[in-house]
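Below is one structure, written out as structure tokens, with a few remarks after it.
Protein chains in written order, with this note's numbering: chain A, 433 to 758; chain B, 8 to 284.
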């Protein structure tokens with residue numbers, strides 16, 4: 433029997449949807465081992481998020497309202513204390529940059545194993561075994577903790593977010609704990625790029641551009657019309673980000689974001705290993721590239737061999753026309 | 008300042024798709040692949056050197072110590088960092104099978120307790136295990152503040168604090184840490200103006216990426232000290248916290264790529280065959 437604690441991620445004073453992928457793991461583990469799962473809403477807006485989180489069938493939703501910006505030193509003591517009090521076998525969160533930052537710090541507090549970025553879990557003889565990508569997604573390892581507690585990060589692109597159902601959870605406020613390290617950190621600020629497009633890690637379609645676009649201006653003039661015609665999120669290769677064409681939060685890859693949309697369109701991207709690591713879980717992959725020998729062909733289902741500067745505007749127009757027809 | 012930089016060797020990340028498994032799937036083998044420094048660790052060495060120098064004057068401002076755990080061969084990885092400009096090395100001999108994030112964090116804590124650096128600067132993750140955990144665990148064990156995914160670092164308050172820009176999902180999150188601290192770096196830490204140390208002029212532009220070792224650097228590195236010890240000598244708990252039962256290679260994608268020449272052909276296939284639009 434393994435009880436699970438889900439640690440929420442909040443954004444703009446409310447729930448960030450990626451939290452629900454960790455709820456999915458929690459349900460699987462709790463159901464598979466005959467345990468229960470609880471959720472800890474923590475951060476600025478925790479009370480607000482708890483109302484939402486109470487709809488997923490958790491035994492309890494704990495609330496730790498902590499104002500100001502996030503840093504791990506401020507949250508970890510409370511997460512660890514709630515985890516200890518409830519004797520959870522698994523403490524889980526989405527393996528976003530938030531979860532990756534926070535969970536290992538909590539793991540060290542609990543002398544727990546830290547199992548990062550899992551892509552699947554199975555219950556084997558009452559024990560939970562986790563599958564996780566290694567070597568930039570070129571190997572999967574099946575691992576299990578040898579400790580009583582494990583902190584587990586859930587790879588968002590590999591888990592479907594839980595849907596509401598299963599009755600209302602009891603909501604309970606918990607005390608906020610602190611430790612000395614937090615006093616040595618000052619939150620200066622968070623600079624966010626706001627976009628009207630879908631979020632990269634959640635979009636059904638992603639259109640990414642590479643260095644072959646040649647400039648930031650071409651991302652706007654050439655790529656963006658296709659992105660918007662397809663109702664897609666925009667991504668980029670590391671080379672395009674390094675060249676300064678687009679900001680770093682658009683980067684898809686081993687460094688950057690891991691995406692697995694229904695349709696991934698790689699425009700002018702050669703397909704370096706570290707880029708493939710971030711997108712090869714996509715359902716259908718399209719490459720648009722002049723060079724049919726480019727390594728992106730290893731993962732592409734469809735490969736349009738063409739000059740992107742001619743093909744992409746044409747495709748944007750034709751997709752728009754197709755969508756208009758319905 | 009005194010900076011400790013942990014470095015690990017990994018099998019050539021540019022050929023990570025060539026790693027294989029043992030016949031029974033119990034181990035990953037990288038036979039035939041070259042060992043390379045973990046790229047993020049190399050960036051951490053570069054960042055440490057930039058923090059510890061007045062670049063135009065070619066003047067050293069602090070000590071940079073590199074540390075590695077592994078077989079005796081990792082001395083070569085340490086020498087590469089020494090050739091870039093680090094001052095001395097620490098090699099802790101251990102079997103790779105004995106090491107996981109927790110053990111490495113405890114070993115590094117023992118070294119930090121002895122060396123008392125102002126800053127531990129390290130890669131955000133190694134590109135073999137891809138765990139991204141050691142820095143955070145080390146910071147917690149030390150009771151130190153941390154900043155992960157660092158893309159910029161500036162020394163502030165006369166060197167008592169570091170202001171670190173973290174590259175997070177939602178943008179850039181800036182923290183100010185009171186030293187000593189742990190910082191893990193992301194790849195943009197080696198951008199031309201990512202590091203400001205108050206000595207190198209603020210408008211100084213480095214070349215993109217980690218510096219190459221000069222011939223002189225390589226010669227000097229041969230004479231720089233590497234302190235050797237064994238994992239057992241550190242007096243730490245060496246129990247791992249997780250074990251791997253088996254490994255598998257990812258399922259191949261559909262296998263065949265359909266090449267097309269026209270946008271019309273592509274759209275027809277996406278609509279009719281793949282049902283993707």
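C-beta: ideal position from N, C-alpha, C; glycine also.
{"Check": "Let me know the beta strand (DSSP E) ranges lying completely inside the region 525-597 of chain A, each 3 residues or longer, listed in chain order.", "Outcome": "545-550, 552-556, 559-566, 571-577, 582-586"}
{"Check": "Taking the beta carbon of residue 59(B) as the centre, do at least 16 other beta carbons fall within 10 Å, making it buried, or is it exposed?", "Outcome": "buried"}
{"Check": "Should residue 16(B) be labelled buried (16 or more other beta-carbon atoms within 10 Å of its own) or exposed?", "Outcome": "buried"}
{"Check": "Who are the near neighbours of residue 604(A) in its chain, counting only those whose CB is closer than 8 Å to its CB and skipping five residues on each side?", "Outcome": "492, 493, 494, 495"}
{"Check": "Taking the alpha-carbon positions, what's the residue 700(A) to residue 647(A) distance?", "Outcome": "12 Å"}
{"Check": "Three or more C-beta pairs closer than 8 Å, one from the region 618-629 of chain A and one from the region 468-479 of chain A: is that the case here?", "Outcome": "no"}
{"Check": "Can the beta-carbon of residue 100(B) be found closer than 8 Å to that of residue 238(B)?", "Outcome": "yes"}
{"Check": "If we count the other Cβ atoms within 10 Å of its Cβ and call it buried at 16 or more, is residue 273(B) buried or exposed?", "Outcome": "buried"}
{"Check": "For the candidate residues 724(A), 743(A), 514(A), 651(A), whose alpha-carbon lies nearest to that of residue 609(A)?", "Outcome": "514(A)"}
{"Check": "Could you round the C-beta distance between residue 571(A) and residue 47(B) to whole angstroms and report it? I think they count as a contact, below 8 Å.", "Outcome": "Incorrect: roughly 19 Å between the Cβ atoms, too far for contact."}
{"Check": "Among 72(B), 152(B), 166(B), which one has its Cα closest to the Cα of residue 143(B)?", "Outcome": "152(B)"}
{"Check": "Over what stretch of residues does the alpha helix (DSSP H) that includes residue 279(B) continue unbroken?", "Outcome": "270-279"}
{"Check": "Any idea if residue 595(A) is buried or exposed, counting beta-carbon neighbours within 10 angstroms, 16 or more meaning buried?", "Outcome": "exposed"}
{"Check": "Give, in chain order, every unbroken run of the alpha helix (DSSP H) that is at least 4 residues long and sits entirely within the region 17-98 of chain B.", "Outcome": "46-58, 82-91"}
{"Check": "Could you tell me whether any Cβ in chain B is nearer than 8 Å to the Cβ of residue 630(A)?", "Outcome": "no"}
{"Check": "What residues match up with residue 605(A) in a beta bridge as DSSP calls it?", "Outcome": "495(A)"}
{"Check": "If residue 578(A) and residue 545(A) are in contact, beta carbons under 8 Å, what's the gap, nearest whole angstrom?", "Outcome": "7 Å"}
{"Check": "My output table needs one value for residue 218(B): the three-state DSSP class, helix, strand or coil.", "Outcome": "coil"}
{"Check": "Under a three-way DSSP split, which group does residue 125(B) fall into?", "Outcome": "coil"}
{"Check": "Considering only their Cβ atoms, is the gap separating residue 158(B) from residue 218(B) smaller than 8 Å?", "Outcome": "no"}
{"Check": "Does residue 514(A) get closer than 8 Å to chain B when you measure Cβ to Cβ?", "Outcome": "no"}
{"Check": "Excluding the 5 residues preceding and the 5 following residue 130(B) in the sequence, name in chain order all residues of the same chain whose CB lies nearer than 7 Å to its CB.", "Outcome": "45, 47, 48, 50, 51, 191, 192"}
{"Check": "Residues in the same chain with beta-carbon distance under 7 Å from residue 453(A), minus the five sequence neighbours each way, listed in chain order, please.", "Outcome": "526, 586, 588, 591, 593"}
{"Check": "For the region 132-186 of chain B, which segments carrying the beta strand (DSSP E) assignment without a break, of at least 3 residues, lie completely within its bounds, in sequence order?", "Outcome": "153-163, 168-175, 178-185"}
{"Check": "With DSSP collapsed to three states, give me the class of residue 14(B).", "Outcome": "coil"}
{"Check": "Between which two residues does the beta strand (DSSP E) harbouring residue 191(B) extend?", "Outcome": "188-192"}
{"Check": "Does the region 749-757 of chain A come within contact of the region 733-741 of chain A, defined as at least 3 CB pairs closer than 8 Å?", "Outcome": "no"}
{"Check": "Please confirm whether residue 198(B) and residue 169(B) have their CB atoms less than 8 Å apart.", "Outcome": "no"}
{"Check": "Hey, how far is the Cα of residue 761(A) from the Cα of residue 39(B)?", "Outcome": "Any property of residue 761(A) remains undetermined from this structure, which presents chain A solely from 433 to 758."}
{"Check": "Compute the Euclidean distance between the alpha carbons of residue 183(B) and residue 280(B), then round it to the nearest angstrom.", "Outcome": "53 Å"}
{"Check": "Counting Cβ pairs, one atom from each stretch, are 3 or more of them under 8 Å apart for the region 647-665 of chain A and the region 459-467 of chain A?", "Outcome": "no"}
{"Check": "Quick one: is residue 214(B) buried, meaning 16 or more other Cβ sit within 10 Å of its Cβ, or exposed?", "Outcome": "exposed"}
{"Check": "Can you confirm whether residue 125(B), when its beta carbon is compared against all beta carbons of chain A, has any partner nearer than 8 Å?", "Outcome": "no"}
{"Check": "I'd like to know if the region 688-699 of chain A and the region 712-720 of chain A are in contact, where contact means that at least 3 CB-CB pairs between them fall below 8 Å.", "Outcome": "yes"}
{"Check": "What is the rounded straight-line gap between the Cα of residue 547(A) and the Cα of residue 138(B)?", "Outcome": "7 Å"}
{"Check": "List in chain order: all unbroken beta strand (DSSP E) runs of 3+ residues lying wholly within the region 692-722 of chain A.", "Outcome": "695-699, 716-721"}
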